[in-house]
Structure formats: C-alpha cells, structure tokens
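First residue of the sequence shown: 0, per numbering that gives the first Met the number 0; consecutive thereafter. Backbone N, C-alpha and C define an ideal beta-carbon position, used for all residues, glycine too. A short worksheet on the structure shown next.
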Amino acid sequence: MLAGGPSRRGNALSSRVQLLLAIVGLLAAPVILLASTFSRSHPVPRAITALEINNNLVKDHKIVTPPDLLSQCEEKFFTQTLDHFDVGAPTYQQRYFVCDQHFRQGGVMFFYVGNEADVELYLNHTGLMWENAQEFGAMLVFAEHRYFGKSVPFGKDVTKHMQYLSTEQAIADYAVLITYLKGEYERDVPVIGFGGSYGGMLGSWFRMKYPHIIDGVIAGSAPILSFLGDEVPLDKGAFERIVTFDASEDAGSAPNCIPNIRRTWSVMRKLGATEQGRQQLKRAFSLCDGVKINSEKDVDDVMSWAKDAFDYMGMGNYPYPSSYIMNGVSVLPAYPVRAACSHVADEFAADDDIGLLTAFSKSLGVYYNSTHDQECFGLSASNNESALDADFWDYIFCAEIYQPQAVDGVNDMFWPIPWNFTADNEHCKAEWGVEIRPLWATTQYGGRKALKVASNIVFSNGNYDPWSGTGVLQNYSDSVVALTVKGGAHHLDLMFSNDLDTPSVLAVREAEKEHMHKWASEFYERKAAVVTE
Numbered sequence: 000m001l002a003g004g005p006s007r008r009g010n011a012l013s014s015r016v017q018l019l020l021a022i023v024g025l026l027a028a029p030v031i032l033l034a035s036t037f038s039r040s041h042p043v044p045r046a047i048t049a050l051e052i053n054n055n056l057v058k059d060h061k062i063v064t065p066p067d068l069l070s071q072c073e074e075k076f077f078t079q080t081l082d083h084f085d086v087g088a089p090t091y092q093q094r095y096f097v098c099d100q101h102f103r104q105g106g107v108m109f110f111y112v113g114n115e116a117d118v119e120l121y122l123n124h125t126g127l128m129w130e131n132a133q134e135f136g137a138m139l140v141f142a143e144h145r146y147f148g149k150s151v152p153f154g155k156d157v158t159k160h161m162q163y164l165s166t167e168q169a170i171a172d173y174a175v176l177i178t179y180l181k182g183e184y185e186r187d188v189p190v191i192g193f194g195g196s197y198g199g200m201l202g203s204w205f206r207m208k209y210p211h212i213i214d215g216v217i218a219g220s221a222p223i224l225s226f227l228g229d230e231v232p233l234d235k236g237a238f239e240r241i242v243t244f245d246a247s248e249d250a251g252s253a254p255n256c257i258p259n260i261r262r263t264w265s266v267m268r269k270l271g272a273t274e275q276g277r278q279q280l281k282r283a284f285s286l287c288d289g290v291k292i293n294s295e296k297d298v299d300d301v302m303s304w305a306k307d308a309f310d311y312m313g314m315g316n317y318p319y320p321s322s323y324i325m326n327g328v329s330v331l332p333a334y335p336v337r338a339a340c341s342h343v344a345d346e347f348a349a350d351d352d353i354g355l356l357t358a359f360s361k362s363l364g365v366y367y368n369s370t371h372d373q374e375c376f377g378l379s380a381s382n383n384e385s386a387l388d389a390d391f392w393d394y395i396f397c398a399e400i401y402q403p404q405a406v407d408g409v410n411d412m413f414w415p416i417p418w419n420f421t422a423d424n425e426h427c428k429a430e431w432g433v434e435i436r437p438l439w440a441t442t443q444y445g446g447r448k449a450l451k452v453a454s455n456i457v458f459s460n461g462n463y464d465p466w467s468g469t470g471v472l473q474n475y476s477d478s479v480v481a482l483t484v485k486g487g488a489h490h491l492d493l494m495f496s497n498d499l500d501t502p503s504v505l506a507v508r509e510a511e512k513e514h515m516h517k518w519a520s521e522f523y524e525r526k527a528a529v530v531t532e
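This is the structure:
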C-alpha cells in the first residue's frame, strides 16, 4: 500500500517498477536537513530497507541516520510465534528497540507500530515520540514488522514462505510483544501507539482489534479508506488529483506549470512515433547513452519515469529541505513541487516542443538530480529500495490490502491510466500464486463502519499529501478524530520539530498531545477505580 512509484506499461501500470520505486512509505519521518503489468497509479509510501538476504545471513546496508538516537536504545530480540492462529506453530526472532531513559513510575509506553522497512529508520525519524518522551515519562519501543529489517524468518528462503506475512499476523505480533514487555518491566502502564502511512494503518487497526492492549494511536497519513467495498465508493483518482493540486497556483506553484506538464505528454507521444523524434526526446531529457528509446513503449516508460518524480515530490512537499523521500541519500529542496514547477513557468510557443521538453527535464532534475552530480539520466528506480523489500510489499498488496487506483487525465495533469483488475490479478497469480480478494481489507477491518464504533484514534493528514485523499478526513466521534495539517505533506506531524514548521503542524502536534494525555489519564483512572472496588 504504502510504497512504490507508478509506471505505465501498455494499458496498465508495472507492479515491479512501481514497487521498486518505493518510498515512502512508509517512514514515520524524514532525516531533516537544515541544520509486468499493474494498474496501480501511484507510489505506496515506503522506505529503503536496511538489509539484504544473502547466503543465509542478514547484512546491514549503510543507513544515513542521526547517530545519537540509537545509542540511547537497546536492541533486543523476542521469540515470536510465526503463526498466531495455529497451535504449536514455529517461532522467529522479532527485533525491537527499547529506549527507556525517561521511563518513570506513572509514565507511559510509546510504541512505534513498525511498517515495511528496517525499524531503525523509524527510531531515528519519529520526532513526535522522542520530543514528548520526557514530559510523559515514556519508555519508547520501536517494534519491527515481520519479514523486514532483521525480523526475517527462514533466511534466504524467506520468499518460499510468504504465507506468514500478513497484517493480521503483524498486529498480533505487536499485541504479544506489548504484553510481554509489561510483564518484563513489571509496569502496567498505558500504551500509546504511533505509525505513519502503512504503519498508521496498522496502528489504527491494532487499536480496533486489540483495544485492551493499546490505549490510543496517532495514525499519520494512514489511507485506510483506499479499499473497495466500503459504504462510500472508492475515489480511485484522488492521489493524482492532489499531486496536481500541489503543482497549482493555489499551492504556491507557477501558474503555467499544470498546462505545460499536460502538454509534455502529447509532445512525447508525438515525438515517440518516429525514430528521429525519439532521439530528439532522448537528447531533450539528457537520457544516458545506455537508455534505449526504440519504440513507443519505451516512450511510455519515459513518461512513467517522469510521472514518478512528481508523485514522490508530492509526498515530500515539505516546507523545508528534507532527505526523507530520498531515504537519506540526498536532499530535496523546500516545497520541491514548487521548485520543479519553476522550470516550466514560462509560456512555450506552439512549435517549441524541444524547448518545453528541455525545461521539463530540468523540473525532473529537482528529484532525479537531487545530488547535483548527474550528467545524464537513466530510467532506474526512483528510490534506493531493495528488491526483497519490494517483494514483501507486493505480496501484502496481492494477498491482503489491494488498493485500486486510476488516472483520468482530466482532473489531473497526467494521461489516462484506467484501473485494470484483470492485469493486477494476473500479476499476483503469476508472481505469488494468489488471487486478489478485492473486498478483503474492508471485510477484515470494516472501513467507515468500523470507525463509527472505534475509539482513541487520531488520524492526521496533510493537504499536500497525495495519500490524504483516501485518509480519514472527518471526525467519527469525540475520540476518533481527524486533524488536517494545512501546507503539510506525508505525515509531517510525526517528524522532528523544525524552525520552518507551519503554524498548522504546530497546532496539530499540540492537539495530538492533548489526546495522548487524555488516554493516559483515562488509563490510570480506570486502574484506580479497580483498586478501590
């Protein structure tokens, strides 16, 4: 759900390219720097994994993270049940971190609901937890999602045992781990969960399914309404409409940006019809010699590659320079969509196709040349995510949380890419031997009907975040509330504070703290009432 960049192949989108282009997904916050065929139409927020499986060993990749936070935590492993719904199932080692320097009697447990990446990334980037730990007397726990990071069962044979990779099993892992930790530390304290993107989805479902285990959840940018079968029809085109909004004058971008970008697609298709035109296109985009543009299908690939950049910049449309979307490797400027649009701010004559494409190439360079050292562009993955990580997400998408999307080319600045369930399903059968259950996520977790009877969940969404279109944007009760971060992109509120934070995100964080205090107080009031009975 929450990782991978869109790519068009024929009449559908390529799942492999999409999943290998992932992000974002789903980190809870960025490193801040100031001081086949598939019909999915946009990235699933994800992050780079910190490991690979090779020769039965899990080996760490280098991760760019603040060095001081890990030193404040202890890495631990818990013998976790592999299948919580089968008696006598085998076990695996689940990794988690405990950071307890502020933990005190009468405190709380802040629990990060790990999502689809190495848990160290969330530990190092979830500022909302760290910055409130002392005030709440909190022990911080960062739990790793099964099959990611170092919590990988079966070693190099893991992809032969994908049946144990599911949201239900992951949530049950967290419930068992919290129960164990309360006994281990001999502290019956309230547990407040945090999660961003897919982690926010898991966190909200965790609270719904195990309300006796977790007392409340802050769910940032959690698109839990992105499924079929809900009481309100799914808006499949929401993501790209919001990317387009980010490129609009209303969002601070150049007025000519959207019409110029729309024109580029027709220009690319026109040039792509001839060999001479394809070579002109290759030169205009400064594509590397190794990139072959020999057919109209190859031009489609270039179009998808270009679209990916705006999808990722939309998610990372933060008010300050950040390396979040780039997984710590390089830095995007503040409001990168505005920066990209500045290159296509002029009016281009009707016969100046090459001038338009050359300017558009500079727009893409805001993302693809964020390191400022690229002499040419390849059509490689937008994010440095591992293929194994993408495999795991692809399986979850196919087996459990199918999120259809489409692009209409009318209400957005792209070209029509229709939803193609048949192509999606054929991919899942070929890759994993599973058929998509299009209604399962809503059947399992309830959609809007479940929200009406849930409690103690704060859903936050930034109006610049393309995922907000399928997030929770209205209150369902006094304790299931929606907070909007105006001028905010993907789970901005979960990040560390920054001098350039908008007034809206500051207000949202304060509102989240009020709910956190309320949940903790209610826990201790209930506990006191039991003692006096």
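In its own chain, which residues sit with a C-beta less than 6 Å from the C-beta of residue i, not counting the 5 before and 5 after it?
i, result
"Phe-109", "Met-128, Ala-137, Leu-139 and Ile-191"
"Val-365", "Pro-335, Ala-338 and Ala-339"
"Ala-250", "Phe-244"
"Ser-150", "Gln-93, Arg-94 and Glu-143"
"Ala-453", "Met-207 and Val-479"
Candidates the options: which alpha carbon is nearest residue i's?
i, options, result
"Ala-440", "Asn-255, Tyr-401, Ala-169 and Leu-180", "Tyr-401"
"Ala-488", "Tyr-367, Tyr-444 and Ala-333", "Ala-333"
"Asn-326", "Arg-103, Pro-232, Leu-472 and Ala-116", "Ala-116"
"Gln-71", "Ala-174, Val-301 and Phe-102", "Phe-102"
"Gln-92", "Val-343, Leu-81, Val-290 and Gln-100", "Leu-81"
"Ile-223", "Leu-499, Gly-446, Lys-208 and Glu-167", "Gly-446"
"Ser-379", "Asp-390, Tyr-367 and Phe-77", "Tyr-367"
"Val-343", "Glu-425, Ile-257 and Asp-307", "Ile-257"
"Thr-178", "Ala-422, Tyr-209 and Gly-313", "Tyr-209"
"Glu-524", "Gly-105, Gln-278 and Thr-469", "Gly-105"
"Leu-356", "Trp-418, Lys-269 and Phe-391", "Lys-269"
"Phe-141", "Tyr-111, Ser-294, Asn-424 and Val-452", "Tyr-111"
"Gln-279", "Asn-131, Leu-120, Asp-352 and Tyr-463", "Asp-352"
"Val-118", "Glu-434, Gly-198, Arg-186 and Ile-416", "Gly-198"
"Asp-229", "His-371, Thr-442 and Lys-451", "Thr-442"
"Asp-372", "Thr-273, Val-330 and Leu-482", "Val-330"
"Lys-306", "Lys-291, Glu-346, Asp-500 and Thr-263", "Thr-263"
Compute the distance between the beta-carbons of residue i and residue j, then report whether it is under 7 Å.
i, j, result
"His-144", "Asn-123", "no"
"Met-200", "Tyr-394", "no"
"Val-504", "Ser-459", "no"
"Ser-220", "His-514", "no"
"Asp-236", "Asp-407", "Going by the sequence as given, residue 236 is Gly instead of Asp. For Gly-236 and Asp-407, yes; Cβs fall inside 7 Å."
"Ile-217", "Glu-511", "yes"
"Val-298", "Gly-271", "yes"
"Leu-363", "Ala-308", "yes"
"Phe-77", "Leu-176", "yes"
"Phe-147", "Gly-468", "no"
"Pro-403", "Trp-418", "yes"
"Tyr-323", "Gly-313", "no"
"Lys-181", "Asp-187", "yes"
Would you mind reading off the limits of the beta strand (DSSP E) that contains residue i?
i, result
"Tyr-95", "90-98"
"Tyr-111", "107-112"
"Ala-142", "137-142"
"Gly-195", "190-195"
"Val-175", "Careful: Val-175 lies outside any beta strand (DSSP E), inside the alpha helix (DSSP H) at 166-184."
"Lys-75", "73-80"
"Thr-483", "479-484"
Would residue i be called buried (16 or more neighbouring beta carbons within 10 Å of its own) or exposed?
i, result
"Ser-476", "exposed"
"Gln-133", "exposed"
"Ser-225", "buried"
"Phe-135", "buried"
"Lys-428", "exposed"
"Ser-265", "exposed"
"Ser-520", "exposed"
"Lys-448", "exposed"
"Ala-169", "buried"
So, at 7 Å on beta carbons, what are the nonlocal neighbours of residue i in its own chain, with the 5 sequence-adjacent residues on each side left out?
i, result
"Ile-31", "With a pLDDT of 36 at Ile-31, under the threshold of 50, the modelled position of this residue cannot be trusted; read the value that follows with caution. Cβ within range, chain order: Tyr-319, Ser-321, Met-494, Phe-495 and Asn-497."
"Cys-375", "Ser-285, Leu-286 and Cys-287"
Just to confirm my understanding: we take residue i, look at its own chain, exclude 5 residues before and 5 after, and list those with CB closer than 8 Å. What are they?
i, result
"Lys-75", "Arg-94, Tyr-95, Phe-96 and Val-97"
"Trp-518", "Pro-189, Ile-191, Asp-214, Gly-215 and Asn-455"
"Pro-360", "The sequence given here has Ser at residue 360, not Pro. Counting only Cβ-Cβ distances below 8 Å, and skipping sequence neighbours, we find Ala-283, Phe-284, Ser-285 and Phe-376."
"Trp-431", "Met-161, Asp-393, Tyr-394, Cys-397 and Ala-398"
Quick one: give me the first and last residue of the alpha helix (DSSP H) that residue i is part of.
i, result
"Ile-257", "256-270"
"Leu-127", "126-129"
"Phe-309", "295-314"
"Asn-424", "420-431"
"Thr-441", "439-444"
"Phe-495", "Here Phe-495 belongs to no alpha helix (DSSP H), and DSSP marks it neither H nor E."
"Ser-362", "352-367"
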